[in-house]
Amino acid sequence: MAKLGRELRAKGLDIVDLSLGEPDFDTPEHIKEAAKKAIDENWSHYTPVSGYLDLREAVCHKFSRDNNLLYKPENIVVSTGAKQSLANVILSLVDTGDEVIIPTPFWVTYAALVQMANGTVKLIKTELEQGYKITPEQLEAAITPKTKLFIFSSPCNPSGAVYSKKELAGLAEVFNRHPQIIIISDEIYEYINYRGKHFSIAEDENLKERVVIINGLSKGFAMTGWRLGYFAAPVEIARACDKLQGQFTSGTNAITQRAAITALTSPLDATYKMVEEFTRRKSRVMELMQGLEGFQFAEPDGAFYAFPKVDFYFGKTDGKETISSADDLNMYLLNKGHVSTVTGSAFGDDHCIRLSFANSMQNIEKGFERIGEALAKLN
Ligand code: PLP
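Under our numbering, the first residue of the sequence shown carries the number 1, and numbering increases by one thereafter.
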């Protein structure tokens, strides 16, 4: 969508971008200053594959401060984005024929990486009515002797669903009956949480040794282009990933790593300010969506996306084009409304579209006005 949007813009069209998957804020000043200092201090050499020791200590500090979880630096691997962290863990753990359970809707990379590892993706479908969260019964029913991994994000991209402590405990109870399963908990939207405290499934005492927590700087610190992700895992998984990463990329960018120490050990004021603005926009987006006929949705508890169900429009036409899927609606909104969104089929749910509020209030309002006008033409 970003590419299509750029092409249309190059033709002189004014496209409102509600497809963005990154904060529209600048990286906080104190983190930029730390990077500038690192350049001047000549942090220009290869780094240890899993990241500088003092950075991995800073990651441990973060886990202890924010999640009440105690890790040692040997549990931590720092990578070129959380995407590489996921790639490391999935490619290290999944062998041909292993089953990997992923609840829908999900971030597309999970399934793609499992396929790259010759694993078998087993999707658990969730619905709007259950807040796009799986139940312990659904989880139990999906597990087989071949299940190797379970992957989920909370807060979730794209649904914005956040599992409560109680809901995580319900899933943990099931995992406790199946000790062969490793859980990948993607917590990259941890700080962008509208219901207060974030809970990690690794906080369950019996599970910590089987959970890999994925996190990174991209979303909470507005640092997508800096490329730094990290994970906490049992030592043997961390060691395997160190080997793999050592052949793919080695350690991530030295300057980014030095800046990351500042990001992870400083007060989170800039992050909270960003979340305040996302909260304001979320409320406005909810109002605007209520004004759109046929949109069914839940209020997101985290991340910066709305994920309305739009199948009300399936079968409708503007006289020229007929909408028969979320893909069609997504293209119709781009071509006729000049608003870019992301089709739910990209996340394993072809009845929804994803609307990002990582854009200014002015653009959000303009985008929704255009969406309303374009939808009104469908009968
Ligand atoms: N996990 C989720 C759920 C995401 O949405 C994203 C980015 O969109 C990532 C991981 C990857 O983040 P990074 O920029 O650190 O690679």
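The beta-carbon is built from N, C-alpha and C at its ideal position, and this holds for glycine as well. For clarity, every value in this text was computed on a predicted model and none was experimentally measured.
Contact set for residue i: own chain, Cβ-Cβ below 7 Å, skip 5 residues either direction
i	result
LYS72	CYS60
ALA117	ILE90, LEU91, VAL94
ASP54	ILE261
CYS241	VAL77, ASN88, VAL89, SER92
GLY170	PRO136
LYS146	GLY97, ASP98, GLU99
ASN359	ASP17, LEU18, LEU20, ASP24
DSSP three-state assignment for residue i, whether helix, strand or coil
i	result
THR322	strand
ASN379	coil
LYS11	coil
LYS133	coil
ILE151	strand
LEU53	helix
ALA298	coil
ALA306	strand
THR317	strand
SER79	strand
VAL285	helix
ASP40	helix
ASP24	coil
ILE90	helix
ILE143	coil
ASP17	strand
LEU244	helix
LEU70	coil
SER85	helix
SER345	helix
SER64	helix
LEU268	coil
LEU292	coil
C-alpha distance - residue i paired with residue j, whole-angstrom precision
i	j	result
TYR230	GLN245	12 Å
LYS377	GLY344	22 Å
ILE134	THR126	6 Å
ILE213	GLU203	11 Å
GLU236	ILE143	24 Å
LYS316	THR322	6 Å
ASN42	LYS243	27 Å
THR265	VAL49	21 Å
LEU168	ARG9	44 Å
SER64	VAL211	16 Å
ASN379	ASP318	6 Å
PRO23	TYR189	11 Å
ILE298	ASP66	Checking the sequence shown, residue 298 turns out to be Ala, not Ile. So the alpha carbons of these two residues sit roughly 27 Å apart.
GLN115	ALA346	15 Å
ALA58	ASP186	19 Å
SER250	THR47	8 Å
TYR332	SER325	11 Å
GLU287	ILE371	14 Å
Classification of residue i by the beta-carbon crowding that lies within 10 angstroms, buried from 16 upward
i	result
HIS45	exposed
ILE39	exposed
TYR191	buried
ILE252	Sequence check: residue 252 is Thr here, not Ile. Its Cβ being crowded by 16 or more others within 10 Å, THR252 is buried.
GLY196	exposed
ASP301	buried
SER200	buried
MET361	exposed
ASP349	buried
PHE278	buried
ARG56	buried
PRO150	One detail in the question is off: residue 150 reads as Phe in this sequence, not Pro. PHE150 should be labelled buried.
PRO105	buried
GLY81	buried
TYR272	exposed
PRO267	exposed
ALA259	buried
GLN180	exposed
ASN176	exposed
Own chain partners of residue i with C-beta closer than 6 Å, once the 5 adjacent residues on each side are dropped
i	result
MET223	THR27, LEU217
GLY119	VAL94, ASP98, VAL100
VAL342	MET1, SER19, ARG354
VAL16	VAL339, ASN363, LYS366, GLY367
ALA263	ILE31, LEU217, PHE221
ASN157	TRP107, ALA303
PRO386	The structure shown does not extend to residue 386, since the chain is modelled only from 1 to 379, so the question has no answer here.
LYS122	GLU99, ILE101, ALA142
TYR132	THR126, SER159, ALA161
PRO234	GLU209
Residues near residue i in its chain [Cβ-Cβ closer than 8 Å; skip 5 each side]
i	result
GLU373	GLY337
LYS208	LEU69, ALA202
PHE295	MET289, PRO308, LYS309, VAL310, PHE312
C-beta neighbour in chain D for residue i, strict 8 Å
i	result
MET116	Here chain D cannot be found, since the structure has a single protein chain.
(message) My parser needs the beta strand (DSSP E) runs of 3 or more residues fully inside the region 153-241; what are they?
(response) Listed in chain order, the beta strand (DSSP E) elements of length 3 or more contained wholly in the region 153-241 are 182-186, 211-216, 229-232.
(message) Runs of 3 residues minimum, wholly inside the region 99-124: which ones carry the beta strand (DSSP E) assignment?
(response) Counting whole runs of 3 or more residues, the region 99-124 contains the beta strand (DSSP E) stretches 99-103, 120-124.
(request) Would you list the residues whose beta-carbon is nearer than 6 Å to any heavy atom of the ligand COA, in the order they occur in the chain? (result) Only the ligand PLP can be found as ligands here, which leaves the ligand COA out of the picture.
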